[in-house]
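>
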Amino acid sequence: MYLGYLEWRQASCCYLSELGEHKTLELIKERIKETPNGYIYFDEYMDMSLYSSKGYFNSGLVRSSKEGDFLTSPEVSEYFGKTIAKWIDNKFDLPTLNILELGAGSGSLSKSINDSAIDTALNFYFIEKSDTAIKSLTNLFPKSFVSKTTQEPSFSGLKDLIVIGNEILDNVPCSVATIDDGKWKEKAIKLLDDNLEYCLVEPRQNVSDWLRINFKDEQPDFEVEVQINAEIYIQDVIQRFSPLAILLFDYGYLKEDRAAKPYKSLLRTYKDHHVGPDPLLNPGLTDITYDINFSSMSRAIDSAIYQKKIITQYEFLYENGLNDDVEALTRRRSEVEGLDLVKTNSDLLSIKTISDKSGLGSFYVIEATRE
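Letter 336 of the sequence shown, counting from 1, is numbered 353 in this note's numbering, and no numbers are missing.
(1) Could you name the residues of the same chain whose beta carbon sits closer than 8 Å to that of R221, not counting the 5 residues immediately before and after it, in chain order?
(2) Can you name the residues that DSSP bridges to E47?
(3) With DSSP run on the structure shown, which of helix, strand or coil describes E38?
(4) Check whether the Cβ atoms of F162 and Y142 sit closer than 7 Å, and answer yes or no.
(5) Could you check what DSSP says for S379 in three-state terms: helix, strand or coil?
(6) Is the beta carbon of E95 closer than 7 Å to that of A121?
(7) Cα separation between S123 and G293?
(8) Grouping DSSP H, G and I as helix and E and B as strand, with all else coil, what is V243?
(9) Classify G199: buried if its beta carbon has 16 or more other beta carbons within 10 angstroms, exposed otherwise.
(10) Please report the distance separating the alpha-carbon of R387 from that of Q324.
(11) Whether or not the segment 358-375 and the segment 326-338 are in contact is what I'm after, with contact meaning three or more pairs of Cβ atoms, one per stretch, closer than 8 Å; do they touch?
(12) If we ignore side chains and look at the alpha-carbon of each, how far apart do L208 and D289 end up?
(13) In chain order, what residues of the same chain have a beta carbon less than 7 Å from the beta carbon of L111, not counting five sequence neighbours either side?
(14) What residues in its chain sit with their C-beta under 6 Å from that of M18, if we drop five residues either side in the sequence?
(15) Pull up the distance between the alpha-carbon of E61 and that of R350, whole angstroms please.
(16) Which full runs of the beta strand (DSSP E) of 3+ residues lie inside the segment 285-338, going along the chain?
(17) Which value, in whole angstroms, describes the spacing of the CA atoms of Y381 and K272?
(18) Our contact map puts Y7 next to D304 with C-beta atoms below 8 Å; I'd like the distance itself, whole angstroms only.
(19) Apart from the five residues just before and just after E219, which ones in its own chain have a Cβ nearer than 8 Å to its Cβ?
(20) Tell me which residue opens and which closes the alpha helix (DSSP H) that N131 is part of.
(21) Count the CB pairs spanning the segment 149-157 and the segment 222-242 that are closer than 8 Å, and state whether there are at least three.
(22) Tell whether a beta-carbon distance below 7 Å holds between T100 and L339.
(23) Are the segment 239-246 and the segment 351-358 touching by the rule of at least three beta carbon pairs closer than 8 Å?
(24) Taking the beta carbon of E184 as the centre, do at least 16 other beta carbons fall within 10 Å, making it buried, or is it exposed?
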């Protein structure tokens with residue numbers, strides 16, 4: 018029976034996804050079998066699930082899209098990027114600036130920044146590990162450099178640089194620790210009857226050090242996402258590029274607020290725009306993510322070099338002129354009709370979505386600028 022193009026494409030994508038899941042799972046099993054202790058740590062598992070050759074971010078779709086598994090603020094509203102452009106224009110009195118976007122994904126954030134009418138000329142550079150997203154970025158910014166790592170030679174010597182990251186930290190593989198019988202243990206993954214299973218092992222030294230700094234003598238009754246790799250990643254960016262400023266958006270919490278959250282674990286997966294199953298199920302087919310500890314992340318940025326503040330996304334957007342856009346669109350709504358009215362109402366709804374205090378507006382922002 019003949020399959021129409023859409024049905025064929027859907028069937029092909031399903032087959033490729035299942036193939037990717039199978040290969041990712043086999044890679045993970047092989048890695049576990051190769052280890053002397055018979056297990057791998059959770060951050061190793063997360064890295065393979067997301068970034069291996071057949072992992073989640075290399076499986077054929079730009080994941081931060083309507084056709085993918087989740088949308089971030091830049092995909093929801095162009096006014097997210099427009100407001101960041103205002104922040105850039107108001108903060109820096111330079112004729113030209115270089116923008117380095119971390120984990121740029123679809124490229125929608127930099128596109129909306131670039132499309133904004135500001136006085137500063139902007140050059141864009143990107144770090145992105147997903148092969149699929151790199152193709153999208155190359156189409157949007159054919160003259161810009163895109164690299165999978167910070168070690169790209171084309172990035173060396175960049176001056177007057179601003180680093181921006183939106184929902185990138187939560188995809189940097191984390192370790193997981195928990196209190197067991199009064200002592201810290203680290204979560205690992207082993208094989209039991211050829212199936213993936215969690216196990217608890219003695220923490221690695223760097224994990225123990227991080228826990229001691231962040232929790233001292235506390236023994237929390239929840240699992241802790243140990244965010245060493247995300248902190249090292251940002252520190253590496255700072256060391257290599259000495260940026261004028263760093264702007265990081267993500268969902269997360271302040272350390273003093275963690276205990277009040279009603280969840281034992283802040284790890285979760287996403288699939289088809291919904292929360293997915295346990296991270297050990299369907300490796301390579303689901304996004305694995307976690308809430309960022311903004312208290313520890315802020316400490317990773319040297320206070321002797323950067324003036325830092327942590328605010329909510331809602332506060333950032335309205336501190337940097339989003340209300341002017343709301344007022345202008347509200348006036349415009351009474352002056353237009355037809356498709357223009359539809360577009361204006363859509364813009365207002367998108368602004369409400371990215372600034373909703375119980376949704377995207379509750380995300381945190383680290384704003385760090387050189388003293």
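All residues carry an ideal CB built from backbone N, CA and C; glycine is no exception.
These numbers come from a predicted model, not from an experiment.
In short:
(1) Translated into positions along the sequence shown, residue 221 becomes position 204. Excluding residues within five positions, the ones whose Cβ falls inside 8 Å are Y58, S192, E203.
(2) The count along the sequence shown starts at 1 and reaches residue 47 at position 30. Beta-bridge pairing links E47 to no other residue.
(3) In the sequence shown, the residue the question calls residue 38 occupies position 21. Confidence is the limiting factor: at E38 the pLDDT is only 48, short of 50, which leaves the residue's position unreliable, though a coordinate-based value still follows. Correct three-state label for E38: helix.
(4) For this step, residue 162 is matched to residue 145 along the sequence shown. For this step, residue 142 is matched to residue 125 along the sequence shown. The beta carbons of F162 and Y142 sit closer together than 7 Å.
(5) On the sequence shown, residue 379 is found 362 positions in, with the first residue counted as 1. When DSSP states are grouped into helix, strand and coil, S379 belongs to the helix group.
(6) As a working mapping, residue 121 is identified with position 104 in the sequence shown. As a working mapping, residue 95 is identified with position 78 in the sequence shown. Against a cut-off of 7 Å, the Cβ pair of E95 and A121 comes out as no contact.
(7) Within the sequence shown, numbered from 1, the residue matching residue 123 stands at position 106. Within the sequence shown, numbered from 1, the residue matching residue 293 stands at position 276. Each residue's Cα considered, the two are about 22 Å apart.
(8) Indexing the sequence shown from 1 puts residue 243 at position 226. Reduced to three states, the DSSP call for V243 is strand.
(9) Position 182 of the sequence shown holds residue 199. G199 is exposed by the Cβ-count criterion.
(10) Counted from its first residue, the sequence shown places residue 387 at position 370. Counted from its first residue, the sequence shown places residue 324 at position 307. Near 6 Å, if we compare the C-alpha coordinates of Q324 and R387.
(11) yes
(12) As a working mapping, residue 208 is identified with position 191 in the sequence shown. As a working mapping, residue 289 is identified with position 272 in the sequence shown. Looking at the two C-alpha atoms, the distance is approximately 28 Å.
(13) On the sequence shown, position 94 is the one that residue 111 refers to. Excluding positions up to five away in sequence, the list reads T137, D177.
(14) Along the sequence shown, read from residue 1 onward, the residue named residue 18 stands at position 1. With a pLDDT of only 36 at M18, under 50, the local geometry of the prediction cannot be trusted, and the value read off the model is given with reservation. Closer than 6 Å at Cβ, skipping near neighbours: no residue.
(15) Sequence index remark: in the sequence shown, residue 61 carries index 44 (1-based). Sequence index remark: in the sequence shown, residue 350 carries index 333 (1-based). The alpha-carbon separation between E61 and R350 amounts to approximately 51 Å.
(16) 304-307, 323-329
(17) Taking the sequence shown and counting its residues from 1, the one referred to as residue 381 is at position 364. Taking the sequence shown and counting its residues from 1, the one referred to as residue 272 is at position 255. Their backbone Cα atoms lie some 13 Å apart in a straight line.
(18) No statement about residue 7 is possible, as the shown extent of the chain runs from 18 to 388 and does not include it.
(19) The residue given as residue 219 occupies position 202 in the sequence shown. Excluding residues within five positions, the ones whose Cβ falls inside 8 Å are K202, E203.
(20) Here residue 131 refers to the residue found at position 114 of the sequence shown. First-last of the alpha helix (DSSP H) with N131: 125-132.
(21) The answer is no - the segment 222-242 does not touch the segment 149-157, with fewer than three Cβ pairs under 8 Å.
(22) The residue labelled residue 100 in the question sits at position 83 within the sequence shown. The residue labelled residue 339 in the question sits at position 322 within the sequence shown. In this structure, the beta-carbon distance from T100 to L339 falls below 7 Å.
(23) no
(24) The residue you call residue 184 lines up with position 167 of the sequence shown. Within a 10 Å sphere around the beta-carbon of E184 sit 16 or more other beta-carbons, which makes this residue buried.
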